[in-house]
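Numbering of the sequence shown is given in our numbering, commencing with residue 46 and proceeding in unit increments.
Virtual Cβ for every residue (Gly too), placed ideally from N, Cα, C.
See below for the structure under consideration.
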Amino acid sequence: MEQKIKLSKKQEEIVFSEEEAICVMASAGSGKTRILTERIRYLLTKTRRKILALTFTNKAAEEMKNRLSEIPDINNRTFIGTIHSFCQTVLENHGNLIGLEKMPHIFEDNNDRLKLLEQAIEETPIFWNQYKNKNNKEKQELLYRVLEFISKVKREIISEENFLKNTDEKIVILYNTYQNILMSQNAIDFDDLFLLVCNLFNSYPKIGALYRRSYEYICIDEAQDLNNAQYQVLLSLTAKEHRKIMIVGHPDQAIFAFVGSTADFMTKKFIDDFNAKIFKLQENYRSSKKVLEVAEKIIPCLSNLKETVIEGEFELKRLPNEKLEAEWIIKKIKELLVQKNYDDIEGEVTLEKISILARNKYVFKNIEEELKEKKIKYYYKMTPGAIKFESKLIKIFDLALKIKLNPKDVIHFESILNLLDIKKGEYFDLKNVISIIENDLEREILELVNTLSEDGSNLIQKLNLLEENIKKSNLIDDEEKQMIINDILEIKTHWNNYAKNSERRTLNQFKNRMALGQTNSLSQHSGITLSTVHTMKGQEYDIVFLIGMDDGTFPDYRAIRKGGIELEQEKNITYVAVTRSKRFLYITYPENRNMPWGNSISRNISRFLNGIF
């Protein structure tokens, strides 16, 4: 397979290493994702078996898939996904061996877990007597404290002997009650995913051996974020006899300490358990020298200029007004597209490698007009994330779907009764609830859910019909209609994303995939990216135009008035905005800005950039 990506000598040493177990300690911007994907590309030339590539976020998994998408039959030759999704797949295929009749429902929402815990307290008299007399704040503090304890027991896989010996007897009873309620509702929480898979591999060694035969190589990204339960999954999967593993991470950037993660599993345990060879990678490819020089003058000592490899380009441009600012930017973009190739940028310059950033969305008005006039494709970047519904009707739909798929789900049944303003009573299924609802639309929603087929084949048809009825309805105002229709569109988008990546579809699997965030589309648009700085956190582009950098716009005038921490936050956001550029950075601002009430006022350059050059 042809090597298409430029690699440094150090990167090549890692990618083409013949060592079995490898630990790559990579500093920020050193190209660890590139190393990981190019290692996979190389390993695929060495084996006809599959490769298992795991990470911790859907976004990171999507990036790996995109970088390897041109490889023929890549989806059949690799499993690229989160460690959570891998564990879910294992349980879907083999969970029956440990007593799972079908894949349990995943309680992903912390509020649901808190409700479960409160139910467990009610069923534990020695706790309930204390709990019922506390005020709301004290109740919440207790719930969160106990829930964190339950998660800690699962994450750290504390043995039953130590658990019983070192823990208050009342907490043990509460823990067991919580777990029993989960089991009674055919449900698990995120922490249970890892415990169940460890149990499966340890109890049935042949299943672990099956996966070891299937996946000749294992690659793990962001390994600094491993917690004990996740590391135990790796140990139980490999049985320490499978050593063709590469883990990559930045030991100083563990961001999930609140869920028990520690870099020790990467820097100590893995190295000892697998006799791994250590590679250290400190070259900085994320941002160019020119970009980091600007960042260094905004907030000194945060950037890593010493190890920076790429030179890059920077230009600060002052324009008479916003319209001329927009015209200059479009002219510059055209110049970049015409030249196409630059030593500092991998591949040709395309619209997709360019982003235009601003403090607030209204700053884009003139840019948008210029882009439309010149017929240049663009889109606004939206923040991907778990699906959140705004309208009451679709919240009812979501809860009803969970109950339809899991009739034992008492927690969500109580939630839907509250939402429908129905007192608890002898209402144990959706049909009973439907019979007493007076609101036509709410009844229609429940009836719709009740008639959905198990494979979801009629979901889109039912949602389309609901959308038409909502448009015709006189029971709700226009704003509420729009909110409901937006929520319906959101569900259809998630279903379509799920359906195109699944051969055997079920509503149950669809809901679990949504719970794990696997139905979000992370790359739905093309063209130049327009984005506020807040939305762009965690993203980088080869070429960035940071526009509207006049004082009062960035920093925002309200932060200037308040000063203190508000102004300090604006400085931090400016630093973030600058470092969204990997190679070329262009900063612009207008000397005069038209205000909404009609007059024009003169502007100075942002105080954070004053005197930079």
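DSSP places K453 outside both helix and strand once states are collapsed to three, so it counts as coil. Assigned with DSSP and collapsed to three states, L361 falls in strand.
The three-state secondary structure of N244, taken from DSSP, is helix. Of the residues D587, G572, L591, the one whose Cα lies closest to the Cα of H579 is L591.
The Cβ neighbour count for N451, taken over all protein chains shown within 10 Å, is at least 16; the residue is labelled buried. Nearest to L282 by C-alpha distance, out of L612, V135, N181, is V135. Taking Y262 as the centre and dropping the five residues before and after it, the same chain places the C-beta of L88, I96, K289 closer than 6 Å to its C-beta, in chain order.
Counting along the chain, the unbroken alpha helix (DSSP H) around G609 starts and ends at 609–623.
Residues of the same chain with a CB within less than 8 Å of the CB of K334, apart from the 5 flanking positions on each side, are L350, T353, I355, E356, G357 in chain order.
Per DSSP, F131 is not a residue of any beta strand (DSSP E); the alpha helix (DSSP H) it occupies stretches across 128–139. The beta-carbon separation of E328 and S53, rounded to 6 Å, stays under the 8 Å limit for a contact. For R638, the enclosing beta strand (DSSP E) begins and ends at 626–639.
Counting only unbroken stretches of 4 or more residues, the alpha helix (DSSP H) elements lying wholly within the segment 272–325 are 273–283, 315–319, in sequence order.
Across the structure, N553 and E499 are spaced so that their CA atoms are roughly 8 Å apart.
Your pair L238 and Q133 checks out as a contact, with CB atoms roughly 6 Å apart and the cut at 8 Å. Burial of R558 is indicated by the presence of at least 16 other C-beta atoms within 10 angstroms of its C-beta. Between G597 and I605 the beta-carbon gap is near 7 Å, inside 8 Å, which marks them as a contact. Annotation: L575 is outside any alpha helix (DSSP H); the continuous beta strand (DSSP E) that includes it extends over 573–577. Where T169 is concerned, there is no enclosing alpha helix (DSSP H), because DSSP gives it neither an H nor an E. A direct Cα-Cα distance of roughly 45 Å separates F434 from D318. If you check the CB distance, L438 and I375 do not come in under 9 Å.
In this structure, the CA atom of A66 is about 5 Å from the CA atom of A321. Looking only at N366, Y407, E459, I80, the smallest Cα-Cα distance to Q56 is reached by I80.
Three or more beta-carbon pairs drawn from the segment 393–413 and the segment 364–381 are found closer than 8 Å, and the two stretches are therefore classed as touching. In the DSSP assignment, G76 is bridged to no other residue. Residue state for I605 is assigned as helix, using DSSP reduced to three classes. Sixteen is the threshold: since fewer than 16 other Cβ atoms of the shown chains lie within 10 Å of the Cβ of L510, the residue is exposed. Only residues of its own chain outside the window of five on either side were considered, and among them L438, S518, L520 have a CB closer than 7 Å to the CB of L486, listed in chain order. Less than 9 Å separates the beta-carbon of D532 from that of S436.
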